[in-house]
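Encoded as structure tokens, the structure appears first; notes follow it.
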Amino acid sequence: MKILLTGGAGFIASHTCVELIEAGHEVVIVDNYVNSQPEAVRRVEEIVGKSIRVYEADVCDKAAMNRIFDENAIDAVIHFAGLKAVGESVQIPLTYYRNNLDSTLTLCETMAAHGCKNLVFSSSATVYGVPDEVPLREDMFCKGCTNPYGWTKYMIERILEGVVNADPEWSVVLLRYFNPIGAHASGRIGEDPNGIPNNLMPYITKVAAGQLKQLTVFGDDYNTHDGTGVRDYIHVVDLAKGHVKACDYAAGHKGCEIVNLGTGVGYSVLDLVKTFQRVNNIDLPYVIGPRRAGDVDACFADPRKAREVLGWEATKTLDDMCRDAWNWQSHNPKGYKA
Ligand code: UFG
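Take the sequence shown: its letter number 34 is residue 33 in numbering that gives the first Met the number 0, and every next letter is one higher.
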């Protein structure tokens with residue numbers, strides 16, 4: 000298949016690009032590089048030994064999107080593009096709603112006009128909000144999100160359900176990601192956040208590299224086995240392979256499916272810290288600080304539907320995730336800017 004990746008230079012997208020090409024698909028990328036680097040695509044090309052067609056454009060730009068579909072016979076789209084910083088979304092909500100919703104609407108209109116109706120969407124476990132119980136199942140009622148970023152994911156899911164409802168020719172897979180970490184085993188591509196990272200693993204790798212003084216563990220009084228927050232960390236390469244399966248599924252089915260991509264296993268902040276120290280044989284200074292607003296005790300997936308519907312399950316361990324994250328960081332101290 001010829002698959003368009005919106006936001007194709009990003010962390011999850013670049014890893015997905017590798018897996019799609021290695022599975023025999025052709026990839027076209029559109030990215031405006033607001034939160035990514037062209038170098039990521041160059042490195043993907045290096046890993047797969049093929050060149051990739053890239054358009055530098057905003058998915059909200061209808062003329063640009065039309066041109067991409069006119070110039071390429073796209074069979075399916077994976078829609079990764081979007082603003083994704085939880086804290087920032089609280090500060091500039093309109094920017095988040097405008098960008099994330101507008102880009103999705105423009106994309107769907109362009110797809111429909113070109114008769115391309117297979118879409119895989121990057122959603123997030125954030126749509127579950129504050130859960131009553133874990134593990135989280137796709138059919139659980141979402142009681143509401145805790146920030147505008149989460150709401151954009153929630154709203155886009157509902158928009159896409161409406162699109163499928165109105166036109167049963169569409170095939171949409173809504174992938175709810177849990178906590179993707181790690182990097183490609185080559186150490187050539189990985190996560191490269193702007194500025195000081197908000198998320199745990201990129202923060203840990205920067206402390207390990209000596210670029211940040213210490214990790215602050217946000218709270219040790221949660222209702223978990225050691226008091227620190229529990230999450231479902233998933234290796235980004237496992238997650239990428241889930242997208243290949245989702246594209247295959249979308250090509251052979253109609254309708255809309257919501258699918259969790261997680262391991263089903265929850266690890267605490269301190270589990271991650273200790274594993275990182277052990278597998279990489281590196282010291283990681285940390286202090287216990289107060290809770291971060293909006294964080295929940297525990298969040299992990301029920302991964303059964305992914306197995307049943309997509310034939311996919313995560314195979315990599317927390318050791319793999321910690322080793323590969325450090326391999327990327329230690330070989331690329333300044334990320335792609337080096
Ligand atoms: N944490 C720390 N110190 C830090 C950063 C994080 O202790 O410096 C803790 C958090 O309190 C939490 C855990 O590490 O317990 C994971 O935090 P992350 O920020 O890495 O991830 P979140 O689970 O908060 O959020 C992630 C994504 C969101 C997504 C959400 C879905 O960042 O985009 O998962 O559940 F919406």
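Ideal placement from N, C-alpha and C gives every residue a C-beta, glycine not left out.
Determine the DSSP secondary structure at residue i, reduced to helix, strand or coil.
i	result
GLU137	coil
GLU156	helix
THR5	strand
HIS224	coil
VAL129	coil
VAL171	strand
PHE275	helix
VAL162	helix
PRO92	helix
SER122	strand
GLY218	coil
HIS78	strand
GLY241	helix
VAL27	strand
PRO284	coil
ILE20	helix
ALA300	strand
CYS246	helix
GLU55	strand
ASN193	coil
GLY254	strand
ILE180	strand
LEU211	coil
ASN71	coil
ASN259	strand
Can you give the Cα-Cα distance for residue i and residue j, rounded to whole angstroms?
i	j	result
CYS246	ILE287	42 Å
LEU269	PHE120	32 Å
GLU45	GLU132	44 Å
ASP318	GLY114	44 Å
VAL43	SER13	7 Å
HIS330	GLU25	29 Å
VAL126	GLU137	10 Å
THR274	TYR95	35 Å
ASN178	ASP231	6 Å
TRP327	ILE188	7 Å
LEU106	VAL33	18 Å
ASP225	VAL264	15 Å
GLU70	ALA22	23 Å
GLU312	ALA72	30 Å
GLY81	THR223	32 Å
LYS244	GLU168	20 Å
VAL308	TYR248	8 Å
THR316	VAL17	20 Å
ALA63	TYR54	9 Å
GLN213	PRO134	31 Å
LYS333	ASP166	46 Å
ARG66	GLY6	17 Å
ALA111	GLY149	26 Å
ILE77	ALA250	12 Å
VAL27	ILE51	6 Å
VAL202	ALA184	The sequence given here has Tyr at residue 202, not Val. Approximately 20 Å between the Cα atoms of the pair.
LEU211	VAL29	33 Å
GLN36	LEU104	25 Å
GLN90	LEU238	29 Å
TYR266	GLN276	15 Å
ASN31	VAL47	23 Å
Applying the 10 Å Cβ sphere with the 16-neighbour rule, what's the burial state of residue i?
i	result
ALA75	buried
THR262	buried
ASP220	exposed
PRO302	buried
LYS152	buried
ARG341	The structure shown does not extend to residue 341, since the chain is modelled only from 0 to 337, so the question has no answer here.
THR314	exposed
LEU3	buried
LEU199	buried
ASN279	buried
GLY310	exposed
LEU93	exposed
Round the Cβ separation of residue i and residue j to the nearest angstrom and send it over; I've been treating them as touching at under 8 Å.
i	j	result
ASN146	GLY9	The pair is not a contact, with the Cβ atoms about 20 Å apart (cut-off 8 Å).
ASP271	VAL206	It is Leu, not Asp, that sits at residue 271 in the sequence shown. LEU271 to VAL206, Cβ: 12 Å. No contact.
GLY218	GLY209	At roughly 25 Å, the Cβ-Cβ gap does not stay under 8 Å, so GLY218 and GLY209 are not in contact.
LEU174	SER102	That pair is no contact at about 17 Å.
LEU260	ALA324	18 Å between Cβ atoms; not a contact.
LYS49	ILE20	6 Å
THR348	LYS142	This structure gives no information on residue 348, because the portion of the chain shown stretches from 0 to 337.
TYR335	ALA39	6 Å
VAL171	VAL163	5 Å
PRO129	GLY181	Pro is not the amino acid found at residue 129; the sequence shown has Val there. That belief does not hold up - the Cβ atoms of VAL129 and GLY181 are roughly 27 Å apart, past 8 Å.
GLY255	GLU160	It is worth fixing the name first, because residue 255 is Cys in this sequence and not Gly. Going by Cβ atoms, the distance from CYS255 to GLU160 rounds to 5 Å, so yes, they are a contact pair.
ILE155	ASN99	7 Å
Compute every distance between the C-beta of residue i and the non-hydrogen atoms of ligand 3, then say whether any falls below 7 Å.
i	result
LEU214	In the structure on display, ligand 3 does not appear, and the ligands it does have are ligand 1.
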